[in-house]
Amino acid sequence: MRWIWIDKFIEFHSGRRAVAVKNVTLAEEHLHDHFPGFPVMPECLMIEAMAQTAGILVGEAKNFQEKVILAKIGKAVFFDYVTPGDSIRLEAQIETISPEAASTSGRITRGDQLIAEIELMFSHIDQNLAGKKFPEENFVFTGAFTSLLRDVVLESSQPGARGTESAP
Amino acid sequence: MSRDEIFQKVQGVLVDALGVDDDEVTADATLMGDLGAESIDFLDIVFRLEKAFGMKVPREELFPVESLLNDPQLVSNGRLTDQGLAELRQRVPHTDLTEFQKNPDINKLADLFTVNAIVNYVDSRMNAA
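Taken in sequence, the protein lines are chains A and B.
The numbering used here applies: residue 8 is where the first sequence begins, and numbers increase by one.
The numbering used here applies: residue -13 is where the second sequence begins, and numbers increase by one.
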């Protein structure tokens, strides 16, 4: 089982804004326990989906050189349930980005309906304030995540390799 | 901008960043002890101050402590040396060192960062321009 909570990017504006979609399906095993007879996507997984959308946006802004880790959930407000068969749209935008951290705001919608508002902060852990050292290779952005960007036309397209895999 | 206006805005920033109530954000409240701030919150506070006051805030100007703690000339036996105190005074003119310098225990450094210290910093930046 892979821990990827977004299916594809439909928009990607490097350093500014990204939009991803996630299709919710009864084939997701946890839905049968959450809850029996009333399957709904757990809010924590919606936050994770937003963290992946926003985290990739933040990571790409620095060419995946930083290890981008979710550090703070500033706000996560939900307005309705998301159920199997729904296709949700996750929009994230970078509010601020600095060498040590980034903050993002985001909305999840289903069609015209607002499902959630989520504000996140990410830490670039190699630039951490405590002087802690982490392994050199980027364990955050593995092939699983960088491949999500392959099909998206990047607004500022650059030739050459990105992240840990070379472009096709 | 008057000091009162600055205080109101700083209060708003801290309420948003730390999820505390207005009435908890008093002038003497310490960020870490009283308001529960952690290191990621310090970065969040800096981002929000920049937005609220329309100025760039180099993080090391507001919360410069880490590099101090790692220098053996500045810290000895868990206390700041005279050189350390002088260095601190220079880097954080917006904090109140009167009590701290009587016993410069590095574990008490965090208590220097009060709401007032932030208001002082913003005030000096806005009124220097």
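The beta-carbon is built from N, C-alpha and C at its ideal position, and this holds for glycine as well.
In this text the structure is predicted, and so the values were computed from the model without any measurement.
Going by CA-CA distance only, name the one from the options that's closest to residue i.
i: K94(B); options: T100(B), D68(B) and F86(B); result: F86(B)
i: E144(A); options: K74(A), I80(A) and F86(A); result: K74(A)
i: F104(B); options: R34(B), L60(B), D68(B) and A72(B); result: In the sequence as presented, Phe is not what sits at residue 104(B); that position holds Ile. The shortest Cα separation from I104(B) among R34(B), L60(B), D68(B) and A72(B) belongs to R34(B).
i: K29(A); options: P142(A), R157(A) and T116(A); result: T116(A)
i: Q59(A); options: E36(A), H39(A), G113(A) and P91(A); result: G113(A)
i: P58(B); options: F49(B), R111(B), R77(B) and G70(B); result: G70(B)
i: A3(B); options: M128(A), H20(A) and A25(A); result: M128(A)
i: L98(B); options: G(-2)(B), L48(B), E36(B) and R(-11)(B); result: L48(B)
i: I80(A); options: V89(A), Y88(A), A61(A) and G92(A); result: A61(A)
i: D119(A); options: D93(A), I54(A), A25(A) and I11(A); result: D93(A)
i: L55(B); options: L66(B), T100(B) and V11(B); result: L66(B)
i: V(-1)(B); options: V101(B), S110(B), M112(B) and R111(B); result: V101(B)
i: W10(A); options: V26(A), S21(A) and H37(A); result: H37(A)
Can you find a CB in chain B that lies within less than 8 Å of the CB of residue i?
i: T103(A); result: yes
i: E124(A); result: no
i: A99(A); result: no
i: S112(A); result: no
i: Q165(A); result: Unreliable positioning characterises Q165(A) in this predicted model, as indicated by a pLDDT of 48, which lies under 50. A coordinate reading is not provided.
i: K74(A); result: no
i: M57(A); result: no
i: I11(A); result: no
i: S154(A); result: no
i: K140(A); result: no
i: E50(A); result: no
i: E162(A); result: In this predicted model, E162(A) has a pLDDT of only 49, less than 50, meaning its place in the structure is not dependable; the value taken from the coordinates is given anyway. Answer no: the Cβ-Cβ gap between E162(A) and chain B never drops below 8 Å.
i: G170(A); result: Below a pLDDT of 50, predicted positions are generally treated as unreliable, and G170(A), at 40, falls in that range; the measurement from the model is reported next regardless. Not an interface residue.
i: E107(A); result: yes
i: K69(A); result: no
i: S21(A); result: no
i: A61(A); result: no
i: A83(A); result: no
Could you give the C-beta distance for residue i and residue j, rounded to a whole number, given that I count them as a contact under 8 Å?
i: F71(A); j: F148(A); result: 5 Å
i: L121(A); j: F86(A); result: 6 Å
i: A108(A); j: L29(B); result: 4 Å
i: A78(A); j: I26(B); result: 4 Å
i: V47(A); j: T90(A); result: 6 Å
i: E98(A); j: L156(A); result: About 16 Å; that fails the 8 Å criterion.
Just how far apart, CA to CA, sit residue i and residue j?
i: K15(A); j: P49(A); result: 20 Å
i: D8(B); j: V(-4)(B); result: 11 Å
i: H131(A); j: D20(B); result: 27 Å
i: S154(A); j: I31(B); result: 34 Å
i: A123(A); j: V159(A); result: 24 Å
i: H39(A); j: A96(B); result: 48 Å
i: A114(B); j: G40(B); result: 14 Å
i: A168(A); j: E126(A); result: Unreliable positioning characterises A168(A) in this predicted model, as indicated by a pLDDT of 39, which lies under 50. The coordinate reading is nonetheless provided below. Rounded to the nearest angstrom, the two C-alpha atoms are 31 Å apart.
i: A56(A); j: S62(B); result: 47 Å
i: K69(A); j: T84(B); result: 43 Å
i: E73(B); j: L52(A); result: 47 Å
i: M18(B); j: A151(A); result: 38 Å
i: P142(A); j: S105(A); result: 22 Å
i: R24(A); j: N89(B); result: 49 Å
i: K187(A); j: E18(A); result: Nothing can be reported for residue 187(A), as the shown portion of chain A is limited to 8 through 175.
i: R118(B); j: R(-11)(B); result: Within the shown structure, residues of chain B are numbered from -13 to 115, placing residue 118(B) beyond reach of any answer.
Chain A beta carbons: is any one of them nearer than 8 Å to that of residue i?
i: L29(B); result: yes
i: F99(B); result: no
i: F86(B); result: no
Item to check | Minimum length 3: unbroken beta strand (DSSP E) runs contained in the region 18 to 61 of chain A | outcome: Restricted to the region 18 to 61 of chain A, the beta strand (DSSP E) segments that are unbroken, complete and at least 3 residues in length are 24 to 30, listed in chain order.
Item to check | Inside the region 18 to 74 of chain B only - alpha helix (DSSP H) runs reaching at least 4 residues | outcome: The region 18 to 74 of chain B contains these whole alpha helix (DSSP H) runs: 25 to 39, 45 to 48 and 51 to 55.
Next on the checklist: Give the list of continuous alpha helix (DSSP H) stretches no shorter than 4 residues that lie fully inside the region 99 to 157 of chain A.
Outcome noted: When DSSP assignments are scanned along the region 99 to 157 of chain A, the uninterrupted stretches of alpha helix (DSSP H) that are 4 or more residues long and fall wholly within it turn out to be 150 to 153.
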